[in-house]
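Worksheet: the structure to be examined is printed underneath.
In full-length UniProt numbering, the protein residues as written are 1 to 149.
What follows is the structure, given as structure tokens:
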């Protein structure tokens with residue numbers, strides 16, 4: 001077991017690091033009944049490993065599309081780099097969202113206080129980025145309620 005490998009179910013898998021940087025960790029399990037415990041994760045180096053194990057026919061989106069259902073994911077701009085990554089198909093977060101979901105929902109970016117931070121001053125930039133991402137990846141977008149009780 002080394003820093004360039006991972007051990008799962010007593011099997012060691014080699015990792016082949018790439019040169020791009022990411023702050024996300026992706027763990028894919030091939031068994032729906034697998035028990036797993038994750039503890040004591042430590043970042044030794046900030047590296048995007050440059051791979052995504054997702055087979056298109058094994059994605060949530062594939063099965064949702066087969067039965068004409070929506071499966072969505074909420075995204076939020078709390079991470080300043082998130083929208084930069086949304087526009088970069090080489091990022092694992094972008095590929096994972098685009099391949100597994102057919103609908104995207106804004107966290108707060110399409111709520112009234114985000115769109116009009118000051119009276120008469122409008123900012124649609126985050127919402128526009130979410131819509132552009134959805135259009136690029138043939139996804140639906142769900143916004144927020146226009147009027148609330």
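Glycine residues also receive a C-beta, built at the ideal position from the N, C-alpha and C atoms.
- Per DSSP, reduced to three states, the secondary structure at residue 115 is helical.
- In terms of Cα proximity to residue 66, the closest of 101, 132, 129 is 101.
- In this structure, residue 104 sits away from residue 64, with a CB-CB distance that is not shorter than 8 angstroms.
- Within the same chain, 62, 99 come within 8 angstroms of residue 56 by CB-CB distance, once the 5 residues on both sides are set aside.
- Across the structure, residue 119 and residue 60 are spaced so that their CA atoms are roughly 41 angstroms apart.
- Taken through DSSP and simplified to helix, strand or coil, residue 140 comes out as strand.
- The straight-line gap separating the alpha-carbon atoms of residue 124 and residue 132 is approximately 12 angstroms.
- Between residue 121 and residue 130, the C-beta spacing is not below 8 angstroms.
- The Cβ-Cβ distance between residue 75 and residue 106 falls below 8 angstroms.
- According to the DSSP assignment, residue 64 belongs to the alpha helix (DSSP H) that extends over 60-66.
- Non-local C-beta neighbours of residue 111 in its own chain, meaning closer than 8 angstroms and more than five positions away in sequence, comprise 144, ordered along the chain.
- Across the structure, residue 127 and residue 108 are spaced so that their CA atoms are roughly 9 angstroms apart.
- Boundaries of the beta strand (DSSP E) around residue 105: 103-106.
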